[in-house]
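Protein chains in written order, with the working numbering: chain A, -13 to 100; chain B, 898 to 1129.
Structure, as structure tokens:
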Amino acid sequence: GIDCSGDSQMCCRKEFFVDFKEIGWEDWIIQPEGYHMNYCAGLCPLHMAGIPGLAASFHTAVLNLIKANHADAAMDSCCVPTQRRPLSLLYYDRESNIVKTDIPDMIVDACGCT
Amino acid sequence: APKGVWCPACGLAALAPATQRDVLIALAKQSILSKLHLPDRPNITKATSRGALLTALRRMRAQHMDTAVSPGMTRDNSVPHLRPGLGLQEYEILSFAESGSSTSHSVRLHFLFTQELSGSTEILQATLHLFWAVPSPRTRPVTVRLLQPDTTGLNMTVASETQMEVQRAGWATLDVGQAVQNLIGQGSQRLTVELEVAEDWESPFLAGHSDSHWPFVAAQARARTPHRVQRR
């Protein structure tokens, strides 16, 4: 997948970091210092459908030409996460116990078109 | 947003950057709290001392090293491999003791478990860590009772009783996994541990446990989280 930069309109990953100190959560979340709440945004015209990012192999390029020439089914697809990883947290719970847990699929590492 | 700027994905007018930031932060908060099954961010009434936390984390790491699956040992394949997205979320919990009633030869300790561990939680293991402060090297029999509230919640019943021999100062551990599982199964959150020595023995518990010797329970739990099955 690719990271959004400049004014790219195509499907890409936008980075967004939530600093726990900035939102006043640093007293109950011991580690980490923030959460990379990246997300996917951008266009997925038909000829982009089904590729993980813009790193197209030759096969994919051909596939794209075929798709682009049959634009009658003008159906865009969706820009979605294609790689995600857990968010590991060490925090105080409501009884002031210390809890460590890994929340699955919380951080988006790559985006692509469905 | 400036006139004519629109969101590339949905075609609606793009949000002004400041508004977009607020929306994303609110979304991040809601997402983390919901995944931790917390209605709101916890208000910390008593932060754990650094000394107690570091000691507990060191002891947990040492315990993991002891029980780590070494190459020669078979991995327990009956436990479903925890891949993200399988709908199983594991927790490691450190619950530090709250002092309860005490006499010259007995003391009660309370451990509160998180309300988030509901009935669908499985306690994989729970170990009580106690530090014995023994003035003189003699063997002392100590009775350790695990108490839990009875069905009325008014009286305490003895869930289990163990005799421990204290020879010298240092840490001792006791498996309390079944007791904690029973507690959570009954919807209770408080485990009471009573430590008692015979009348004529001096108590091997530090009257004012120093920070880094504070008793704690280290538990590993697994909660079945309702998870969307994505059909591809």
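Even for Gly, the Cβ is constructed at its ideal location relative to N, Cα and C.
Here the structure is a predicted model, which is why all the values come from computation and not from measurement.
Per DSSP, what kind of secondary structure is residue i in: helix, strand or coil?
{"i": "Ser74/A", "result": "strand"}
{"i": "Ile1081/B", "result": "helix"}
{"i": "His1110/B", "result": "helix"}
{"i": "Ala96/A", "result": "strand"}
{"i": "Asp13/A", "result": "coil"}
{"i": "Asp919/B", "result": "helix"}
{"i": "Asp1047/B", "result": "coil"}
{"i": "Thr1000/B", "result": "coil"}
{"i": "Pro914/B", "result": "helix"}
{"i": "Asp88/A", "result": "strand"}
{"i": "Thr1036/B", "result": "coil"}
{"i": "Leu909/B", "result": "coil"}
{"i": "Gly1074/B", "result": "helix"}
{"i": "His961/B", "result": "helix"}
{"i": "Arg956/B", "result": "helix"}
{"i": "Ala1120/B", "result": "strand"}
{"i": "Ala1023/B", "result": "strand"}
{"i": "Thr945/B", "result": "coil"}
{"i": "Leu933/B", "result": "coil"}
{"i": "Ala1069/B", "result": "strand"}
Within 10 angstroms of its Cβ, does residue i collect 16 or more other Cβ (buried), or is it exposed?
{"i": "Asn24/A", "result": "buried"}
{"i": "Cys(-2)/A", "result": "buried"}
{"i": "Phe1113/B", "result": "buried"}
{"i": "Leu1006/B", "result": "buried"}
{"i": "Phe993/B", "result": "buried"}
{"i": "Cys51/A", "result": "For the record, residue 51/A in the displayed sequence is Leu; it is not Cys. Classification of Leu51/A: exposed, given that the 10 Å Cβ count is below 16."}
{"i": "Leu951/B", "result": "exposed"}
{"i": "Ala1118/B", "result": "buried"}
{"i": "Asp(-7)/A", "result": "exposed"}
{"i": "Glu19/A", "result": "exposed"}
{"i": "Arg918/B", "result": "exposed"}
{"i": "Thr916/B", "result": "exposed"}
{"i": "Thr1054/B", "result": "exposed"}
{"i": "Leu909/B", "result": "exposed"}
{"i": "Ala1143/B", "result": "The question about residue 1143/B has no answer, for chain B in this structure spans 898 to 1129."}
{"i": "Ala913/B", "result": "exposed"}
Going by CA-CA distance only, name the one from the options that's closest to residue i.
{"i": "Thr100/A", "options": "Val94/A, Asp(-7)/A and Ala35/A", "result": "Ala35/A"}
{"i": "Asp13/A", "options": "Asn940/B, Gln917/B, Ala913/B and Gln1060/B", "result": "Asn940/B"}
{"i": "Ile(-12)/A", "options": "Ala27/A, Glu8/A, Tyr78/A and Gly10/A", "result": "Ala27/A"}
{"i": "Ala96/A", "options": "Asp62/A, Lys7/A and Val66/A", "result": "Val66/A"}
{"i": "Val1090/B", "options": "Gly1067/B, Ser999/B, Val920/B and Leu954/B", "result": "Ser999/B"}
{"i": "Leu954/B", "options": "Pro90/A, Asn83/A and Leu51/A", "result": "Asn83/A"}
{"i": "Ser946/B", "options": "Trp1111/B, Ala1115/B and Val1055/B", "result": "Trp1111/B"}
{"i": "Ala944/B", "options": "Asp91/A, His22/A and Ile16/A", "result": "Ile16/A"}
{"i": "Ala91/A", "options": "Leu76/A, Pro72/A, Tyr78/A and Val85/A", "result": "As written in the sequence, residue 91/A is Asp, which differs from the Ala given in the question. Residue Pro72/A is the option with its Cα nearest to Asp91/A."}
{"i": "Gln1078/B", "options": "Asp937/B, Pro914/B, Ser1017/B and Leu1092/B", "result": "Ser1017/B"}
{"i": "Ala959/B", "options": "Trp1068/B, Leu1080/B and Glu1093/B", "result": "Trp1068/B"}
Taking the C-alpha atoms as reference points, what is the distance between residue i and residue j?
{"i": "Ala1023/B", "j": "Met957/B", "result": "11 Å"}
{"i": "Cys30/A", "j": "Lys7/A", "result": "36 Å"}
{"i": "Phe1028/B", "j": "Ser74/A", "result": "30 Å"}
{"i": "Gly1050/B", "j": "Gly1082/B", "result": "14 Å"}
{"i": "Gly10/A", "j": "Phe3/A", "result": "14 Å"}
{"i": "Lys932/B", "j": "Ser1001/B", "result": "45 Å"}
{"i": "Leu921/B", "j": "Ala911/B", "result": "14 Å"}
{"i": "Arg1042/B", "j": "Phe1008/B", "result": "13 Å"}
{"i": "Val1031/B", "j": "Ala1066/B", "result": "5 Å"}
{"i": "Ala1095/B", "j": "Arg70/A", "result": "57 Å"}
{"i": "Val94/A", "j": "Leu32/A", "result": "23 Å"}
{"i": "His961/B", "j": "Gln986/B", "result": "19 Å"}
{"i": "Ile990/B", "j": "Val1073/B", "result": "13 Å"}
{"i": "Thr87/A", "j": "Thr46/A", "result": "39 Å"}
{"i": "Asp5/A", "j": "Ser1003/B", "result": "47 Å"}
{"i": "Glu1093/B", "j": "Glu81/A", "result": "26 Å"}
{"i": "Ile929/B", "j": "Asp937/B", "result": "10 Å"}
{"i": "Pro1038/B", "j": "Tyr988/B", "result": "34 Å"}
{"i": "Ala925/B", "j": "Tyr77/A", "result": "16 Å"}
Taking 6 Å as the limit between beta carbons, can you name the residues of its chain near residue i, skipping five residues before and five after?
{"i": "Glu1/A", "result": "Asn24"}
{"i": "Gln1064/B", "result": "Thr1036"}
{"i": "Cys(-10)/A", "result": "Cys(-2) and Lys0"}
{"i": "Ala942/B", "result": "Reading the sequence as shown, one finds Thr at residue 942/B and not Ala. There are no such residues."}
{"i": "Met(-4)/A", "result": "Gly28 and Leu29"}
For residue i, which residues from the same chain have a beta carbon less than 7 Å from its beta carbon, with the 5 sequence-adjacent residues on both sides left out?
{"i": "Gly948/B", "result": "Asp1108 and Ser1109"}
{"i": "Ser1085/B", "result": "Gln1045 and Pro1046"}
{"i": "Gly997/B", "result": "Arg1005, Leu1006, His1007 and Thr1089"}
By Cβ distance, which residues of its chain are closer than 8 Å to residue i, with the 5 residues on each side in sequence left out?
{"i": "Asn1052/B", "result": "Pro1046"}
{"i": "Cys64/A", "result": "Cys30, Cys99 and Thr100"}
{"i": "Ala1076/B", "result": "Ala1023, Leu1043, Gln1045, Ala1056, Ser1057 and Leu1088"}
{"i": "Leu1071/B", "result": "Thr1024, Leu1025, Leu1027, Val1041, Thr1059 and Met1061"}
{"i": "Ser967/B", "result": "Here the model assigns Ser967/B a pLDDT of 43, short of 50, so the residue's position is not dependable, and the following value carries that caveat. None."}
{"i": "Asp79/A", "result": "Val85"}
Residues of chain E with a CB under 8 Å from the CB of residue i: which are they?
{"i": "Met23/A", "result": "Here the protein chains are A and B, and chain E is not one of them."}
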